[in-house]
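Have a look at the structure below before the remarks.
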Amino acid sequence: MSEHHGSEDFTLLPDLAARPLGGSVIWANDEFFAEKENLVNPGPAEYQPSTFGHKGQVYDGWETRRHRGKPGDDTAIVRLGVPGVIRGVVVDTAWFKGNYPPAVSLSALVVAGYPPAEDIAARTDWVTLLDRVEVDGDSRNPFTIDSDERWTHVKLTMHPDGGVARLRVHGEGRPDPTLLGLGPLDLAALENGALVLDCSNRFYSSPNQLLYPGQARVMGDGWETARRRDDGNDWVRIRLAGPGAIRLAEIDTSCFLGNSPGAASLTGFTNDGTEVELLPRTELLPDTRHRFALAPAAASVEEVRLDIYPDGGLARLRLFGELGA
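Sequence positions in the sequence shown follow UniProt numbering and run 1 to 325.
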């Protein structure tokens with residue numbers, strides 16, 4: 001299903017795994033020398049010679065330890081920021097010269113909902129997109145992919161170990177068909193007239209950033225509260241762009257790894273102050289763009305309160321629906 005060092009026309013397509021789109025490396029069996037998260041960082045890998053940490057030379061990539069009597073290969077799983085059809089991948093081994101993997105392979109999976117990363121790693125129905133192929137060190141290694149299926153996750157396997165600087169997964173976005181037609185307008189966008197009215201805490205950053213356009217690139221681009229030392233929870237109240245019916249909510253914890261909320265809920269308020277449950281308390285994962293279909297409320301809501309449990313940080317909140325419903 002692949003072609004080694006084929007045409008690179010596919011690189012003109014978006015990188016579905018890119019961090020700015022919400023891509024995340026959710027699991028790896030080993031990342032002893034360099035963190036798995038580097039695989040989807042934007043921009044080329046950097047390198048400074050003779051820069052040593054406690055575990056050796058610092059590399060801007062994903063690097064595993066040398067196998068010593070340990071059978072098997074090393075793998076990392078990437079959740080695509082935009083699920084879709086994959087037309088080609090680039091396995092970039094920049095700066096890895098004596099420590100790159102001799103060969104790699106790539107497989108993919110469609111995952112519904114938000115199961116834990118360990119459950120995804122344990123699944124046995126991965127589909128091979130790129131058979132085991134040799135790669136060069138300190139090089140961009142492009143491979144075309146022949147598949148018209150929609151994928152949500154990819155798994156990069158190094159045979160047997162070593163380092164990869166970047167993984168680029170180029171293709172065409174395909175929406176979740178179960179979420180289509182649920183709302184054309186983000187009623188919580190600042191650019192559409194929404195406004196933060198109040199919040200419980202803004203110790204680290206402003207809740208207004210929840211309503212910014214685009215994807216957060218660092219934790220500082222979102223809203224983060226102080227650590228609570230009581231039995232309460234943090235919240236933010238938002239005036240929508242106008243009264244309307246919310247069909248789809250996106251609660252984005254991208255870039256928040258050890259400090260994302262454990263759960264969240266959404267409550268709407270009508271013009272007479274009546275409360276309408278939009279999303280019951282629902283568990284969240286770190287570093288994830290969650291999308292939830294909401295049952296339409298009997299009446300339009302003009303304000304929404306987002307509760308997070310108990311505290312933490314969020315990158316963005318999107319509330320898609322129709323005005324004047």
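Using N, Cα and C, we set each Cβ at its ideal position, and we do this for glycine too.
Span of the alpha helix (DSSP H) holding residue i?
| i | result |
| --- | --- |
| Glu149 | Premise fails: Glu149 is in no alpha helix (DSSP H) and is neither H nor E. |
| Ala121 | Ala117 to Ala122 |
Residue i bridges to which residues according to DSSP?
| i | result |
| --- | --- |
| Lys155 | Ile77 and Ser107 |
| Glu277 | Thr267 |
| Val196 | Ile238 |
| Glu283 | Ala263 |
| Phe203 | Answer by DSSP bridge pairing: none, since Phe203 is not bridged. |
| Val91 | Asn141 and Leu167 |
| Ile86 | Gly171 |
| Phe320 | Asp186 and Leu248 |
| Arg289 | Asp252 |
Would you kindly work out how many angstroms separate the C-alpha atoms of residue i and residue j, rounded to a whole number?
| i | j | result |
| --- | --- | --- |
| Asp230 | Pro310 | 9 Å |
| Asp161 | Val154 | 18 Å |
| Thr274 | Gly113 | 31 Å |
| residue 404 | Glu149 | A query on residue 404 cannot be resolved here, the shown segment of the chain reaching from 1 to 325 and no further. |
| Ala295 | Ala249 | 11 Å |
| Ala103 | Asn208 | 46 Å |
| residue 330 | Leu257 | Because the chain spans 1 through 325 in this model, residue 330 falls outside it and cannot be assessed. |
| Arg291 | Gly69 | 44 Å |
| Thr144 | Gly220 | 36 Å |
| Glu31 | Arg66 | 11 Å |
| Thr282 | Gly137 | 45 Å |
Since residue i is in the beta strand (DSSP E), which residue starts that stretch and which ends it?
| i | result |
| --- | --- |
| Gly258 | From DSSP, Gly258 is part of no beta strand (DSSP E); its letter is neither H nor E. |
| Thr128 | Val127 to Glu134 |
| Val301 | Val301 to Tyr309 |
| Val40 | Premise fails: Val40 is in no beta strand (DSSP E) and is neither H nor E. |
| Ala28 | Ser24 to Ala28 |
Could you check which residue in the options has the C-alpha nearest to that of residue i?
| i | options | result |
| --- | --- | --- |
| Leu39 | Thr11, Thr75, Gly69 and Arg65 | Thr75 |
| Pro42 | Thr51, Pro20, Glu35 and Ala28 | Pro20 |
| Arg87 | Arg174, Gly163, Thr93 and Gln209 | Arg174 |
| Gly72 | Arg316, Asn29 and Ser205 | Asn29 |
| Ala263 | Asn271, Val169 and Ile251 | Ile251 |
| Arg316 | Glu322, Ile308 and Leu323 | Ile308 |
| Val82 | Tyr212, Leu323 and Thr152 | Thr152 |
Quick check: the region 283 to 291 against the region 17 to 26, are at least 3 beta-carbon pairs closer than 8 Å? Touching, yes, given that three or more Cβ pairs across the two stretches are closer than 8 Å.
Three or more beta-carbon pairs under 8 Å between the region 195 to 215 and the region 226 to 242, yes or no? yes
The region 236 to 248 contacting the region 298 to 306, beta-carbon criterion three pairs below 8 Å: yes
Is it the case that the region 124 to 138 contacts the region 101 to 111, given that we only count it when at least three CB pairs across the two stretches are under 8 Å? yes
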